[in-house]
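See below for the structure under consideration.
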């Protein structure tokens with residue numbers, strides 16, 4: 001079999017390292033359903049630099065996972081359709097690349113860790129085979145070389161007795177160990193950007209702490225960019241540098257981690273932070289966000305959060321507030337940000 | 001005095017439910033034609049608890065610690081290998097069919113997954129009203145529709161939605177349906193097995209507040225099983241921490257969270273992230289190595305010793321009993337128990 005030996009350098013032309021590692025501009029993703037067009041992502045803008053951690057936070061259906069899949073280029077189309085926007089990787093728009101080049105950017109430049117490691121791994125192949133496949137297909141290595149590299153990776157993610165475990169199947173691993181295998185696979189080809197979509201949601205807290213620590217260590221060592229998709233504000237507070245909060249397909253607030261937790265500028269962020277119980281105090285009655293997020297095929301006119309918002313006034317239902325700069329470098333999409341900030 | 005459920009009534013603060021030395025072992029079988037038992041999975045291995053009237057007892061622990069098996073034992077969905085469960089002074093582990101029916105009136109369960117615990121082919125009215133079909137004397141047949149509508153109203157659902165199907169509701173609303181069904185027979189005890197873990201944070205709060213409000217109004221006692229320690233702190237009066245089928249520490253919410261004594265409790269609490277970035281790096285961090293050992297072959301002596309930084313030879317040979325020791329106010333099962341604050345900033 002004549003496999004061409006590939007390196008990362010010959011995948012993308014025209015990389016401009018003075019541009020951000022990843023820059024998403026006005027990303028629009030639609031799903032065409034029987035009930036009409038669902039705007040899953042409706043104009044997302046953000047960027048990530050090397051060594052930086054961006055957390056995208058929101059509840060089910062807010063578009064955070066779809067955003068990550070659009071960046072990776074793994075959306076199922078149809079029903080999904082990237083209806084507009086650009087995803088620049090060091091200045092090269094990934095969305096306009098030919099299919100084959102796009103495929104080769106995955107794992108080499110941008111890699112992903114999925115939530116559910118059991119369904120993301122193939123049950124009929126050993127861990128070693130699945131890891132080695134990356135090196136054989138992308139790097140044209142021999143079986144023996146690939147196995148050696150796979151072992152190094154399993155050691156890197158601290159899987160004990162990697163020599164024995166490399167020949168085992170996914171079902172023989174515990175949840176935490178499977179997630180380590182997923183991380184090993186994502187790191188195999190030394191990506192510049194790692195997207196972790198709810199990487200610890202299915203895991204117990206002690207294992208979650210191990211995995212998050214491992215990710216942080218590796219990220220610091222390799223100066224990777226990290227996009228963490230999660231609903232868990234505790235995890236975000238622990239690891240993120242900056243945060244984008246999504247609601248109904250739009251980014252409603254964007255700020256550094258300290259700002260957002262200390263003084264949220266959008267009513268949704270504020271309500272979310274007040275609705276979570278904390279382990280370090282009994283707390284009072286939980287504040288709740290009444291009602292439900294809108295159905296994406298029938299997003300109300302104006303601000304999508306207005307029907308559940310304490311601050312909402314008639315103007316909120318007339319036009320969609322844009323993501324405006326509030327103060328030094330932080331943005332919020334709300335007409336009454338000043339009121340929200342004042343109500344600490 | 002006995003009430004309509006046939007159980008002797010208890011006073012306020014009296015035990016609503018008592019569990020003594022409860023054991024559930026599942027046999028591991030091998031062979032296709034000639035089956036033989038080759039081992040036991042010790043899911044619950046000697047648990048003793050008391051749930052007082054009107055209180056919430058939280059049960060926390062990681063996957064495989066036996067907390068869900070405990071829930072099933074308490075509602076009679078599993079038969080214990082040994083040990084006793086008494087509801088208002090009556091041992092319910094040896095009950096026959098009619099005895100179980102009486103028990104079920106008093107002890108009901110709210111399940112974790114509101115997507116699979118409701119039959120998609122039944123209307124909400126049928127789901128919530130089904131307990132009345134099994135216990136026809138609770139509400140006469142003419143009044144059932146009204147009774148179901150009242151229940152829907154109690155849990156904050158629109159009573160006019162009685163003819164809708166589960167798929168027409170959101171996750172949080174479905175959990176409310178599950179709670180309405182559990183309340184139908186006017187039980188005194190609700191066993192809630194991870195009732196909010198499948199829900200989004202903003203919806204979690206709604207359901208937790210509903211459970212708290214129902215407790216105040218109806219005087220219910222809850223066993224609240226969850227892996228989310230923040231949620232348990234919020235709702236529980238007392239907390240039991242389980243590891244590999246045993247309770248390793250039990251105490252009031254403040255005792256467990258602010259001065260945990262057992263190394264496992266400390267490790268568990270230190271791993272819970274706090275939504276406050278200013279605490280980053282200022283909390284006492286304990287990293288546990290490795291995974292939980294298999295409950296089919298638990299370590300000798302203290303079960304936590306294989307992952308514990310305090311373990312000595314004594315821990316392997318002598319099993320620490322759950323008792324009050326070393327000047328603590330609450331019971332723990334560690335030879336070397338000492339308080340350590342792991343949830344607040346320490347420097």
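Protein chains in written order, with UniProt numbering: chain A, 1 to 344; chain B, 1 to 347.
Here a beta-carbon is modelled for each residue, glycine too, at the ideal position from N, C-alpha and C.
- Using a Cβ distance threshold of 9 Å, residue 291(B) and residue 41(A) do not count as a contacting pair.
- In this structure, residue 17(A) sits near residue 90(A), with a CB-CB distance shorter than 9 Å.
- Pairing residue 112(B) with residue 183(B) gives a Cβ-Cβ distance that is not under 9 Å.
- Per DSSP, the unbroken alpha helix (DSSP H) holding residue 209(B) starts and ends at 201-218.
- By the CB criterion at 9 Å, residue 341(A) and residue 320(A) fall outside the cutoff.
- Scanning the region 97-143 of chain B for uninterrupted alpha helix (DSSP H) segments of 4 residues or longer gives 97-106 and 124-134, listed from N- to C-terminal end.
- By the neighbour-count definition (other C-beta atoms within 10 Å, threshold 16), residue 285(A) is an exposed residue.
- With 16 or more neighbouring CB atoms inside 10 Å of its own CB, residue 200(B) falls in the buried class.
- Using a CB distance below 7 Å, the part of the region 232-253 of chain B facing chain A consists of 233, 234 and 253, ordered along the chain.
- Out of 94(A), 14(A) and 344(A), the CA that lies nearest to the CA of residue 273(A) is found in 344(A).
- Here residue 158(A) carries a coil assignment [DSSP, helix/strand/coil].
- Residue 224(A) has its alpha-carbon roughly 20 Å from the corresponding atom of residue 135(A).
- The Cβ of residue 206(A) sits closer than 9 Å to at least one Cβ of chain B.
- The alpha carbon of residue 288(A) has as its nearest neighbour, out of 173(B), 205(B) and 234(B), the alpha carbon of 205(B).
- Counting only the Cα atoms, residue 212(A) lies some 10 Å from residue 205(A).
- Secondary structure remark: continuous alpha helix (DSSP H) runs of at least 4 residues inside the region 128-185 of chain A, in chain order: 143-156 and 162-165.
- For residue 234(A), the uninterrupted alpha helix (DSSP H) run begins and ends at 233-239, by DSSP.
- Counting C-beta pairs closer than 8 Å gives three or more between the region 276-287 of chain B and the region 252-265 of chain A, which meets the contact rule.
- From the beta-carbon of residue 59(A), the residues of chain B found nearer than 7 Å are 200, 201 and 202.
- Close CB contacts of residue 243(B) within its chain, under the 7 Å cut and outside five residues either way in sequence, are with 61, 65, 264, 303 and 304 (chain order).
- When only Cα atoms are considered, residue 128(B) and residue 180(B) end up about 6 Å apart.
- Interface criterion not met: the Cβ of residue 112(B) is under 9 Å from no Cβ in chain A.
- With its beta carbon less than 9 Å from one in chain A, residue 257(B) belongs to the interface.
- One finds nothing in chain A with a Cβ atom closer than 8 Å to the Cβ of residue 45(B); even the nearest lies about 19 Å away.
- With a beta-carbon spacing of about 6 Å, residue 333(B) and residue 321(B) fall inside the 8 Å limit used to define contacts.
- Inclusion of residue 64(A) and residue 246(A) in the CB contact set at 9 Å is warranted, their separation being smaller than that value.
- Contact of residue 280(B) with chain A by beta-carbon distance below 8 Å involves 237 and 238.
- One thing to note: residue 76(B) has its Cβ no nearer than 9 Å to the Cβ of residue 46(B).
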